[in-house]
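Under this note's numbering, the first residue of the sequence shown is numbered 1316, with each subsequent residue one higher. From the three backbone atoms N, C-alpha and C, an ideal C-beta is built for every residue, glycine too.
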Amino acid sequence: MAAKNLVIVESPAKAKTIERYLGRNYKVVASLGHIRDLPKSQMGVDIEHDYQPKYISIRGKGDVIKNLKKNAKKAEHIYLAADPDREGEAIAWHVSHVLGLDPADKNRVVFNEITKDTVKNAFKEPRSIDMNLVDAQQARRILDRLVGYSISPLLWKKVKKGLSAGRVQSVALKLIIDREKEIKAFKPEEYWTIDSQFKKGRSKFKASFYGLNGRKKALPNNDAVQDVLKRIDRKGNFDITKIVPRERKRYPAAPFTTSSMQQEANRKLNFHTRKTMMVAQQLYEGINLGGRQGTVGLITYMRTDSTRISTIAKHEASDFIHENYGADYAAVKARKTKNPEGAQDAHEAIRPSSVARTPKSLKDVLDKDQYKLYNLIWSRFVASQMTPAILDTLTVTIEQNDVTFRANGSKMKFAGFTKLYVSSRDKEDSAKDNLLPDLEVGDQVQLAQTDPAQHFTQPPARYSEANLVKALEENGVGRPSTYAPTIDTIQRRYYVKLNAKRFEPTELGEIVDKIIEEFFPDIVNIDFTADLEGELDEIEIGKQNWVKVVDGFYKPFEKEVEHAEVGIEKIQIKDEPAGFNCDVCGAPMVIKMGRYGKFYACSRFPDCRNTKPIVKEIGVECPKCHEGQVVERKSKRKRLFYGCSRYPDCDFVSWDKPVGRDCPVCGHFLVEKKVKGGKQVICPNEDYQEDIQK
């Protein structure tokens, strides 16, 4: 007998989980994401008639649509259960159009977590499709299409084929390039410190120079340092003149939003933003736990900008903390967290669907990446409901001959939430802790060691993925769902590259940014882009009309496009001579700019299509064939490894860098390995190792 009710979701994994909860009267099928979109071959927006989009069925989705229609004919009731956000609402609307459903009918079902009770309750209260959400998504899609399909052809014509521009990606690129300009313009300034070690009896502790005659003093050069050191009687005693004790509380971080999860997963787990979202999607849609539990959604919806937590979840967390850590660790009153400015607050923060499912209990059913991310989400949520850590801090003033040193120390009095979870920021704070011996005003201590050191102010660091996501969020550019694809796009276009986990702009990226900044200033204006995001949010709540928002953007933008058509001069990216000839036809080889960076190519292209990758030699002979050179290569996952320049004739590979010497014990080649505190030269056979090189 056919099921009376048809439920349509986006993914097969989600369909499988929900069907199990609803029982045999429900059939759950997947649309596999969007089934209609703007055509790729043309703009697809009727500018003359209120920017009406010309949607078509997505190529390759014919069988999916056919299957949806077939199942819809047999069903008495059809429910649209796509994700609970703008994108999900738009998918539900497109499906309703294809199936001939009335958007006003109450057939839309939403839930923030895929658990049995939540899903069943959601089906008790279906609603009609929220056209404000649909319009907000349509407005974003149309704006992005107008920008992309207007600027990209210009870049193709004036620079090179395969380039693109977009609202959010152009701002992300500008942030990276502006940071690079800051670094290049930075002028370091010299300053000195005098870090010292004092002792009281057998106990030693650290203190740093503070000032002279009771006033703070900077040390701009070595002369100022020598002036301080001349005043000190190294053999004499120093007096403890002041001790200021304080009790400091370190509060737990709020549960994850999409942005904070991406940042922390990048810092702690070394996950790229795309990987973080992919694994989070798997945890949300459901994991097969085996036995009676079956497939269960382990976390709440992973696209959110809110730190809000439901009352039920708070009570569950409190009970868990009382039972496993004791009453002292459970927050009596949950700490109020402030959502980021402009947050939509449509969903809860990201949290486990059940706090009782500890990471340890799921370790055998989750793969390595799922376990790491679930452990991070679970720990962060539970810790957010715990009491603060309490530290006893001391500021100790040490004086002799009007020279003042200060020692700052802290000691953990009560672990609080740190018993479970320490964020990357907390870790940095903990590293600064300095344990002090028992000291009292009037005590005398001795100078054990002074260490004057010259420093130079450092330029701002390049953006990591985590810091770029944070910058986009703080500037109000993009939304939780856009960060991962934005970062992915600027890398795929080779506008930026990751070097030591930090973004560097490429020559191509700088060319594109310069054109857009000159001819389309609003596109890279952070305030303008943030204001536009705000208008999209207002469409979502019914305060703005989407056609007016799009029109307000497009009218001035259209004039900029016309001006750019005439104003942009054709840029010739010249091929650099490679310095050697093609081994196929003998013509000179050149260095070309490709989608994934620079490479060697024959100057007679397309008549000769010989190409070679550009590799970096490390100055070490291949330890296997003794003919080729060891060169740096990258795996498909962009991980650095070392191989022979004669590949495929020689198949030597090593994850660790060979140093060009053999082990004195077994004769195997030695490699350089990164360890805590520096680098170490070791034998892979563990027969030999040398001291750490800092």
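Alpha-carbon spacing of residue 1665 relative to residue 1461, whole angstroms: Indexing the sequence shown from 1 puts residue 1665 at position 350. Indexing the sequence shown from 1 puts residue 1461 at position 146. Their backbone Cα atoms lie some 33 Å apart in a straight line.
Beta-carbon proximity check, residue 1781 vs residue 1578, cutoff 8 Å: Counted from its first residue, the sequence shown places residue 1781 at position 466. Counted from its first residue, the sequence shown places residue 1578 at position 263. In this structure, residue 1578 lies closer than 8 Å to residue 1781 by Cβ.
Beta-carbon spacing of residue 1588, residue 1841 below 8 Å: By 1-based counting over the sequence shown, the position of residue 1588 is 273. By 1-based counting over the sequence shown, the position of residue 1841 is 526. In this structure, residue 1588 keeps its C-beta atom at 8 Å or more from the C-beta atom of residue 1841.
Residue 1787 (DSSP reduced to helix, strand or coil): Along the sequence shown, read from residue 1 onward, the residue named residue 1787 stands at position 472. Three-state result, residue 1787: helix.
For residue 1439 and residue 1379, the rounded distance between their alpha carbons: Within the sequence shown, residue 1379 is the residue found at index 64, counting from 1. Within the sequence shown, residue 1439 is the residue found at index 124, counting from 1. Roughly 28 Å between the two C-alpha positions.
Anticipated Cβ contact below 8 Å, residue 1957 with residue 1945, distance rounded: The count along the sequence shown starts at 1 and reaches residue 1957 at position 642. The count along the sequence shown starts at 1 and reaches residue 1945 at position 630. Contact flag correct, Cβ pair sits at about 5 Å.
Rounded straight-line distance, which links the Cα of residue 1761 to that of residue 1518: By one-based count along the sequence shown, residue 1518 stands at place 203. By one-based count along the sequence shown, residue 1761 stands at place 446. Pairing residue 1518 with residue 1761, the inter-Cα distance amounts to about 11 Å.
Burial state of residue 1929, where buried means 16 or more other Cβ atoms lie within 10 Å: Stepping through the sequence shown from its first residue, residue 1929 is reached at position 614. With fewer than 16 Cβ atoms within 10 Å of its Cβ, residue 1929 is classed as exposed.
Where residue 1445 falls: helix, strand or coil (DSSP): In the sequence shown, residue 1445 corresponds to position 130, counting from 1. Assignment of residue 1445 by DSSP, reduced to helix, strand and coil, places it in the coil class.
Whole-angstrom C-beta distance between residue 1706 and residue 1546, which should lie under 8 Å: Position 231 of the sequence shown, counted from the first residue, corresponds to residue 1546. Position 391 of the sequence shown, counted from the first residue, corresponds to residue 1706. Not a contact, Cβ separation roughly 34 Å.
Cβ neighbours of residue 1799 in the same chain (closer than 6 Å, five flanking residues each side left out): Taking the first residue of the sequence shown as 1, we reach residue 1799 at position 484. Result list for residue 1799: 1588, 1589 and 1592, in chain order.
As assigned by DSSP and simplified to three states, the class of residue 1835: Here residue 1835 refers to the residue found at position 520 when the sequence shown is read from its first residue. Look at residue 1835 here: in three-state DSSP terms it is coil, with no helix or strand label.
Collapsed DSSP secondary structure at residue 2003 in the structure displayed: Along the sequence shown, read from residue 1 onward, the residue named residue 2003 stands at position 688. Reduced to three states, the DSSP call for residue 2003 is coil.
Start and end residues, alpha helix (DSSP H) containing residue 1511: The residue given as residue 1511 occupies position 196 in the sequence shown. Careful: residue 1511 lies outside any alpha helix (DSSP H), inside the beta strand (DSSP E) at 1505-1515.
Whole-angstrom C-beta distance between residue 1702 and residue 1732, which should lie under 8 Å: Here residue 1732 refers to the residue found at position 417 when the sequence shown is read from its first residue. Here residue 1702 refers to the residue found at position 387 when the sequence shown is read from its first residue. Residue 1732 to residue 1702, Cβ: 7 Å. Contact.
Host alpha helix (DSSP H) of residue 1694 (start-end): The sequence position of residue 1694 within the sequence shown is 379, counting from 1. Counting along the chain, the alpha helix (DSSP H) containing residue 1694 begins and ends at 1683-1699.
Complete alpha helix (DSSP H) runs within the segment 1322-1379 (minimum length 4 residues, chain order): Entirely contained in the segment 1322-1379, the alpha helix (DSSP H) runs reaching 4 residues are, in chain order, 1327-1337.
Element boundaries [beta strand (DSSP E), containing residue 1427]: Position 112 of the sequence shown holds residue 1427. It is not in any beta strand (DSSP E) - residue 1427 carries neither H nor E in the DSSP assignment.
Delimiting residues of the alpha helix (DSSP H) encompassing residue 1629: Locating residue 1629 in the sequence shown gives position 314, where the first residue counts as 1. Element bounds for residue 1629: 1626-1639.
Enclosing beta strand (DSSP E) for residue 1866 [first to last residue]: As a working mapping, residue 1866 is identified with position 551 in the sequence shown. From DSSP, residue 1866 is part of no beta strand (DSSP E) but of the alpha helix (DSSP H) over 1861-1882.
Residue 1763 (DSSP reduced to helix, strand or coil): Sequence index remark: in the sequence shown, residue 1763 carries index 448 (1-based). Residue state, collapsed to three classes: strand.
Proximal residues to residue 1972 (C-beta, below 7 Å), its chain only, five neighbours per side dropped: As a first step, residue 1972 is located in the sequence shown; it is residue number 657 there, counting from the start. The beta carbon of residue 1972 sits closer than 7 Å to the beta carbons of 1933, 1957, 1986 and 1987 from its chain, once the five residues preceding and following it are set aside; these are given in chain order.
Rounded straight-line distance, which links the Cα of residue 1527 to that of residue 1556: Position 241 of the sequence shown, counting from 1, holds the residue named residue 1556. Position 212 of the sequence shown, counting from 1, holds the residue named residue 1527. Near 14 Å, if we compare the C-alpha coordinates of residue 1527 and residue 1556.
The segment 1405-1420 in contact with the segment 1444-1457 per 3-pair CB rule at 8 Å: With a cut-off of 8 Å, the segment 1444-1457 and the segment 1405-1420 count as touching, because enough Cβ pairs lie within range.
Buried/exposed call for residue 1921, threshold 16 Cβ in 10 Å: Your numbering for residue 1921 matches position 606 in the sequence shown. Burial call: exposed.
Contacting residues, own chain, Cβ-Cβ under 8 Å from residue 1316 (five flanking each side not counted): Here residue 1316 is taken as the residue at index 1 of the sequence shown, counted from 1. Residue confidence for residue 1316 is low, a pLDDT of 48 falling below 50, so the modelled location carries little weight; the figure read from the coordinates is stated next. The answer is none, since no qualifying residue turns up.
Residue ranges of each beta strand (DSSP E) within the segment 1892-1935, 3 or longer: Runs of the beta strand (DSSP E) inside the segment 1892-1935: 1903-1909, 1912-1917 and 1926-1928.
The segment 1689-1696 / the segment 1672-1681 touching (three or more Cβ pairs under 8 Å): At 8 Å Cβ cutoff, the stretches touch.
For residue 1623, three-class secondary structure by DSSP: For the purposes of this step, residue 1623 is taken as residue 308 along the sequence shown, with counting starting at 1. It is coil, neither helix nor strand.
Span of the alpha helix (DSSP H) around residue 1979: Translated into the one-based positions of the sequence shown, residue 1979 becomes position 664. Looking at the DSSP string, residue 1979 is not in any alpha helix (DSSP H), and its letter there is neither H nor E.
Selected residue, minimal CA-CA separation from residue 1443, among 1393, 1532, 1552 and 1637: Within the sequence shown, numbered from 1, the residue matching residue 1443 stands at position 128. Among 1393, 1532, 1552 and 1637, the Cα nearest to that of residue 1443 belongs to 1393.
Straight-line Cα distance separating residue 1902 from residue 1617: Residue 1617 sits at position 302 when you count from the first residue of the sequence shown. Residue 1902 sits at position 587 when you count from the first residue of the sequence shown. C-alpha separation (whole angstroms): 54 Å.
Touch test, the segment 1469-1488 against the segment 1822-1837, Cβ-Cβ under 8 Å, three pairs minimum: Yes, the segment 1469-1488 touches the segment 1822-1837.
Beta-carbon proximity list for residue 1367, same chain, < 7 Å, skipping 5 on both sides: For this step, residue 1367 is matched to residue 52 along the sequence shown. Cβ neighbours of residue 1367 beyond the five flanking positions: 1361.
Minimum length 4: unbroken alpha helix (DSSP H) runs contained in the segment 1470-1555: Considered as a whole, the segment 1470-1555 harbours 1482-1500 and 1537-1546 as its complete alpha helix (DSSP H) runs of no fewer than 4 residues, in chain order.
Simplified DSSP state of residue 1888, which is helix, strand or coil: Locating residue 1888 in the sequence shown gives position 573, counting from the first residue. DSSP places residue 1888 outside both helix and strand once states are collapsed to three, so it counts as coil.
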